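Chemist: Position one of the sequence shown corresponds to residue 579 (our numbering), numbered consecutively onward. Yeah, the Cβ is synthetic: ideal placement off N, Cα and C, and Gly gets one too. Bear in mind the structure is a predicted one, so any value in this text is a computation, not a measurement. Here it is: the structure, laid out below.
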Amino acid sequence: MSELTKLTMAEAREGLKAKRFTAVELTKAHLAAVGAARGLNAFVTETPDLALERAKLSDAKLAKGEAGPLEGLPIGMKDLFCTEGVRSTACSRILENFVPTYESTVSGKLKDAGAVVLGKTALDEFAMGSSNETSAFGPVTNPWKRKSDPSVKLVPGGSSGGSAAAVSARLVMGATGTDTGGSIRQPASFCGLVGLKPTYGRCSRWGIVAFASSLDQAGPMTRTVRDAAIMLGSMVGYDPKDSTSANVAVPNFEAALTGDIRGMKVGIPKEYRPDGLSAEISKLWADGIGMLKDAGATPVEISLPHTKYALPTYYIVAPAECSSNLARYDGVRYGKRVEGKTLDEMYAKSRAAGFGKEVRRRILIGTYVLSAGYYDAYYIKAQKVRRLIADDFAKAFETVDVILTPTAPSAAFGQGETDDNPITMWLNDIFTIPTSLAGLPGLSVPTGLSADGLPLGLQLIGRPFDEETVLKVAEVMERAAGFTAVPAGI
């Protein structure tokens, strides 16, 4: 594989500036990698012609000294972001042939910053899943392999598994993800990447296919913390087209990477040690605490007492919002349509043919908890508990600067290993869901390998709109961990 695909965003940015290679050469190297790795199924739609056209424009801008922050850097776009003139499917049959006439705010910002989009990456259907096995276009394969049995195909995590696999396999330098309950952070952990879920409202949701509107948030997936800071800077900003977009100042995230965390207090929540937590994850967490302590930070035990209610709360709130958001897919205006003898029959047939098993499951759960007689008992109660979870974090941040937890309860598992039990699958987000319910920034950073040679990540959680501190601490941990492992053959 070309040496150009092994560069980080920061390294490629400097190489382009120094004219050691062109944006077209960089793009061609990555397009060749995409073609050679189609067996991973990381991309739903490839756009090589558009990418090369964009790269030529980037070279012209670089020559004129008009380069944007991401000028000429190849990225992947999760197929949940609507892209003008390019098929946007949400990996669902119901949107299989949908081509938007508009551009999502986040993807538009990245293009304006000079990023070269190589195509649309795969995801769990409508972002519902933790393994990237619910896509209507087949599962994505993690480029990492178990040492004990390399023949087993592993999941990349979900829902942003296509983006994670693409970045991990060096097909792109970075990729967009969306995180509803852990869908950036968990696949980042499974694939040995940095995955950042910003504060809710930091990135516009306009033009992103909605799953759960009060939880969905876009973010970057990269190979280093610095790259995450670089990419995030071009994704954020107030958007009047999104009523949940926060009108707050946009800092220089890269400038926050000072390497100095002396005097900071790091919260260690005692509730994040559930019964049965593997010794491997416990040791990883202890090692992470040691890294930050050696860097001058002070670990402080904290309590987040309502953590144990986060998973059931999420699986009431998220399906309820999903059932409402997905009601628009009825076969009338756009999307898949199956004719019926009556309007109701057309609705039923179109949705049955268009939605997969996991999406139907969550729509049914959501419809139930919002129905007459159950709305107060389930949905309203879940919203009250969600407030208590957020209050727990607010209280903790009165005494600590950042919180450190595991990202996921295990390393990547094999395809099909949890098919028989959806609850087991849902438990993959046990450490990430509380952060999402509270709307806080969370970042997964790779810090070690399992006994089977698979990546493991730790999660840093910050105050609202304090991504700077999260990134600063993450970079210190990244350096201390010295994680340089790559998938075999890379």
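Quick check on this structure: which residue in GLU1045, TRP784, PRO829 and ARG671 has the alpha carbon closest to the alpha carbon of ASP817?
Modeler: TRP784
Chemist: Could you compute how far the alpha carbon of PRO1012 sits from the alpha carbon of ALA596?
Modeler: 44 angstroms
Chemist: Excluding five sequence neighbours on each side, which residues of the same chain lie with their C-beta closer than 7 angstroms to the C-beta of ASP1044?
Modeler: PRO1019
Chemist: Give the C-beta separation of LYS639 and GLY692 to the nearest angstrom, bearing in mind that I take them to be a contact with Cβ-Cβ under 8 angstroms.
Modeler: Right, their Cβ atoms sit about 7 angstroms apart.
Chemist: Run the CB neighbour count on ASP727, radius 10 Å, all protein chains shown included, and call it buried at 16 or more, exposed below.
Modeler: exposed
Chemist: Assign ALA700 to one of three DSSP states: helix, strand, or coil.
Modeler: coil
Chemist: Using a threshold of 8 angstroms, state whether the C-beta atoms of ASN720 and PHE768 are closer than that.
Modeler: In terms of Cβ geometry, ASN720 and PHE768 form a close pair [threshold 8 angstroms].
Chemist: Note down, in chain order, each residue of its chain lying with its Cβ closer than 7 angstroms to the Cβ of GLU589, except the 5 sequence neighbours on either side.
Modeler: none
Chemist: Is it the case that the Cβ atoms of ALA753 and THR699 are separated by a distance below 8 angstroms?
Modeler: yes
Chemist: Determine the closest residue to LEU855 out of SER580, ASN1006, ALA1052 and ALA610, with distance taken between C-alpha atoms.
Modeler: ASN1006
Chemist: Taking only three categories from DSSP, how would you classify GLN993?
Modeler: In the structure shown, GLN993 sits in coil (DSSP, three-state: anything other than H, G, I, E or B).
Chemist: Could you give the C-beta distance for ALA766 and ALA742, rounded to a whole number, given that I count them as a contact under 8 angstroms?
Modeler: 6 angstroms
Chemist: Taking just the CA atoms, how far does LEU648 sit from GLU674?
Modeler: 30 angstroms
Chemist: Taking only runs of the alpha helix (DSSP H) that begin and end inside the segment 1021-1063, which ones reach a length of at least 4 residues, in chain order?
Modeler: 1045-1059
Chemist: Going straight from the alpha carbon of SER682 to that of ASP853, what length do you get?
Modeler: Those two C-alpha atoms are separated by around 42 angstroms.
Chemist: Assuming contact is defined by CB atoms lying nearer than 8 angstroms, are GLU1056 and THR876 in contact in what I supplied?
Modeler: The Cβ atoms of GLU1056 and THR876 lie no closer than 8 angstroms to each other.
Chemist: Are ALA705 and SER761 closer than 8 angstroms when you measure CB to CB?
Modeler: For ALA705 and SER761, yes; Cβs fall inside 8 angstroms.
Chemist: Between the C-alpha atoms of ILE941 and GLY716, what's the straight-line distance to the nearest angstrom?
Modeler: 21 angstroms
Chemist: I'd like to confirm the pairing. Which residues does DSSP put opposite ALA834 in its beta bridges?
Modeler: In the DSSP output, where bridge partners are listed per residue, ALA834 has none listed.
Chemist: Return the CA-CA distance between ALA930 and ALA714, expressed in angstroms with no decimal places.
Modeler: 13 angstroms
Chemist: Please work out which residues of its chain come closer than 6 angstroms, Cβ to Cβ, to ALA1052, disregarding the five sequence neighbours upstream and downstream, and give them in chain order.
Modeler: VAL803, LEU1021, VAL1023 and LEU1038
Chemist: Whole angstroms are fine: how far does the CA of ALA873 sit from the CA of GLY593?
Modeler: 31 angstroms
Chemist: DSSP state of ALA714, grouped into three classes?
Modeler: coil
Chemist: Note down, in chain order, each residue of its chain lying with its Cβ closer than 6 angstroms to the Cβ of ILE867, except the 5 sequence neighbours on either side.
Modeler: PRO877
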